[in-house]
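Asks:
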Amino acid sequence: MSFLRGWISLLFFAFAICEGKGGVLYELIYRPLFHDLIQDLPIGARFASVIALYNDTKECQQQLKALNFHNDDNDLPGLEHLMLAQYEMSALKDRIWHEVEDHMDIAATLGVRKYVESKTPDTCECPLLVFVPIDYANSLGDDYLTTPDTSTIKIWDSSSNGQFSSWKEWLWDLLKVDIKISTDKPFPLQVTVVPNPKNPLVKDGSGRNGKAYKINPSQSHTLVQAYTGDQIFVSVNPETNNQVKSKKERKQRAAKNPKYTVAPDMTKLLVTELKDGQWGFDVGPRQRLTEELVRRRHATTVMTHVRNLVFPIVLPHHDPLGFKKIKMPKGLHQRLMARTLFACTFYRDYYDTRIAESWEDEGTQLNYFDVKSHMISLDNRWEERDAIANDVVRPILADWSGGSELEFTAFYGIREYSRNALLRNHVDRTETHVYSAILQVAQTDIDSPWPLEIIGFDGKRYLINLKPGEMVLYESHALIHGRPHPFNGTLFSNAFCHFKPTAWQWTTGAVWKHNEAKNALKKLHISLNDIF
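Numbering (the numbering used here), first residue to last: 143 to 674.
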C-alpha cells in the first residue's frame, strides 16, 4: 500500500514549486492539494497563506511577474508561519484527468469567483491576492473536504488599499498578532518583542530594536503587540529568589533565555520556568517545527498529488475501472485471524510482536503526527506468508488481470489503524506494486463506515466499504486510492499483498520521460527539472 519509503530520498529534489534564493512559491493545482499542505502540520501548529490567483491571459501573467510575488529576499515570515502560493483559475478541468468536482476549485470555495463577478471588467484586477488566515487552517481540522468559514479571508485590491504602497505592506498589516501574556508566579518580569528588520511597517526609531513590556502578575494578562515572524522572549526574569534582587542581575540571567518566533495563532502565552533557571513560554506543538521540516513535508505532499495526476494516464492497466471487491476464498480469513487445525493465525499468535510503525518525519501519507499505526509483521512466519501470497492470492490476481504471470513482491503484515487515522489518496510504487490486494482482517467499534476511496480509471470517485473476510483487488501502481477521511472507530486492521507481472519493465523514471507525462506536467505548470 505504501509507496513512500521507496523514493523518499528523492524528495529533497522534488518540488512542484517555483523556488527562489530564499523563498518557496507553491503552484496549487486544486483545493485538495491546498488543504493537504495545510494539514501537513497538526492543529495548533499551522500557518496562514496568501495566494495569487491568475488566469491564462498573457497580460495577467505579465502582471503576476511584475508583482514580484515571492519571498526571495526573506522579508516575510518563514514557511512554517506563512505559505505563498499561486493558482490558475481558468483551466482546472483541462489539467486534471479525472472528473472535477465543485469542491476542487480554490477560487470558488474561497469566494473569489463571487468577488470577480461583483466587479466590472475595468475594476477587477488580475492577479488577485487572497489572504487565508490561521483560523481557516485550524478550523479545517483533519478532513480535507471540510469547508471552513471564509468570512475572514481578505482580498488585495490596490485600488481600494491605497493606505499601503505594496502588497507586502498589506500582508504585514494582516500578520499583526495581539498576544495576551500571563504568569502564574507572583513576581514581576519583562518581555521583549524584536521585530523582523525587514517589516516595512516598523519604522526607524519606533521599536525596530525591540519593545519591552512589563508583565504585572496582579493583572490577568498583559497585551503585547507583535507581527508574525517577530522574536519574543523573557528579557528580565521574575524575582523569585531572595538572593536575586536587582533588575540588572535578573536581566543578566535572562540573556540565556530562549527566543521564540511569533506565530500567527500565538494569541496567548504563559510564562513558565524552564530547565537550568531559564524562562520562556509554553508554545505546544510548534516547538518541533522548523522551516526545513515543513518544506520537506510539503515536498512529499506535492509529489503525491503530482503522481496522482500523471501516473494513471501514462502507465498501462488492464481493468476498465482498476478494482474489484470480492469475498476472500474459503479458509483465507481464518488463516489470518483464527487458529485452524492446519495452520497458525498471524493476528492472534503474533499479536505480542505488534509494534508502532516508524515513518520518516517528511512522510505525509498517514497522519502519524497525530495517530500511530501499528504493524504485526508477517515475517514472523514467512513460510505461511509466502504460501498465502503465492498459493491463494496470486491465482486470484492472475485470473483477474487476464492471465498475467505474476511475481510476488511484498506482503508487509497486518496494519492496525486507530481512531482518527487517515490515509491520503495516492498511487503505489511503480516498480513493484502493480496488482495488489487489500485483505480486511478485523474491525472494532465502528461508529461510521470508513470506506476505501478510489478514483477509477473512468475518472469517477468510488467509496468501497469492506467487512472482515472481504478483499479488494486493485491496480495499485496507477489507481488513486486511500482513506482520506478520519477513521471513526476503535480499530481497523488490513493486510496488503502486492505483485508485478514478470515481464513488467516500467520504472518511475520511465514514467517521467514519457511524452504524456511531459504534457501533463506542462498543464500543471511543472517542468521535469522542478520534480527531479
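Beta carbons are placed, not taken as given, at the ideal position from N, Cα and C, and that holds for glycine.
What is the DSSP secondary structure of R527, reduced to helix, strand or coil?
Replies: In this structure, DSSP gives R527 a helical state, which the three-state scheme calls helix.
Asks: List the DSSP bridge partners of E595.
Replies: E595 pairs with L605 and G624.
Asks: Taking the alpha carbon of K467 as the reference point, which residue from I596, K660 and P454 has its own alpha carbon closest?
Replies: If you compare the alpha carbons of I596, K660 and P454 with that of K467, the shortest gap goes to I596.
Asks: Label E504 either buried or exposed according to how many other C-beta atoms from any shown protein chain fall within 10 Å of its C-beta, with 16 as the threshold for buried.
Replies: buried
Asks: Residues in the same chain with beta-carbon distance under 8 Å from V274, minus the five sequence neighbours each way, listed in chain order, please.
Replies: A190, S191, V192, I193, L252 and I295
Asks: Between the stretch 412–431 and the stretch 587–601, do three or more beta carbon pairs fall short of 8 Å?
Replies: no
Asks: Under 8 Å, with one C-beta from each stretch per pair, do the stretch 276–291 and the stretch 168–187 reach the 3-pair mark?
Replies: yes
Asks: For I276, I'd like the list of residues in its chain whose CB is within less than 6 Å of its CB, leaving aside the five on either flank, ordered along the chain.
Replies: A190, P406 and D407
Asks: Alpha carbons only, please: which of Y489, L221 and S293 is nearest the one belonging to K256?
Replies: S293
Asks: Take the Cβ of I248 as the centre, count every other Cβ of all protein chains shown within 10 Å, and call the residue buried at 16 or more, exposed below.
Replies: Around the beta-carbon of I248, 16 or more other beta-carbon atoms lie within 10 Å, marking it buried.
Asks: Cβ atoms of L633 and A579: under 7 Å apart, would you say?
Replies: no
Asks: If I238 and Y172 are in contact, beta carbons under 8 Å, what's the gap, nearest whole angstrom?
Replies: Confirmed, Cβ separation roughly 7 Å.
Asks: Give the range of the alpha helix (DSSP H) segment to which F453 is assigned.
Replies: From DSSP, the alpha helix (DSSP H) with F453 extends over E433 to V456.
Asks: I'd like the list of long-range same chain contacts for K609, defined as Cβ closer than 7 Å, with 5 residues on each side in sequence excluded.
Replies: Q582
Asks: Is DSSP giving S281 helix, strand or coil here?
Replies: helix
Asks: Nearest to Q305 by CA position, among E201, L270 and L343, is which residue?
Replies: L343
Asks: CB F453 to CB V534, shorter than 7 Å?
Replies: no
Asks: DSSP three-state call for W298: helix, strand or coil?
Replies: strand
Asks: Verify whether the separation of the beta carbon atoms of L564 and N509 is less than 7 Å.
Replies: yes
Asks: Within the same chain, show all residues whose beta-carbon is closer than 8 Å to that of E558, passing over the 5 residues directly before and after it, in chain order.
Replies: R496, S515, H516, M517, I518, L633, F634 and S635
Asks: Leaving out the 5 sequence neighbours to the left and right, which residues in its chain are closer than 7 Å to L435 when beta-carbon positions are compared?
Replies: D503
Asks: Under DSSP, the beta strand (DSSP E) around Q373 begins and ends at which residues?
Replies: Start and end: Q373 to V378.
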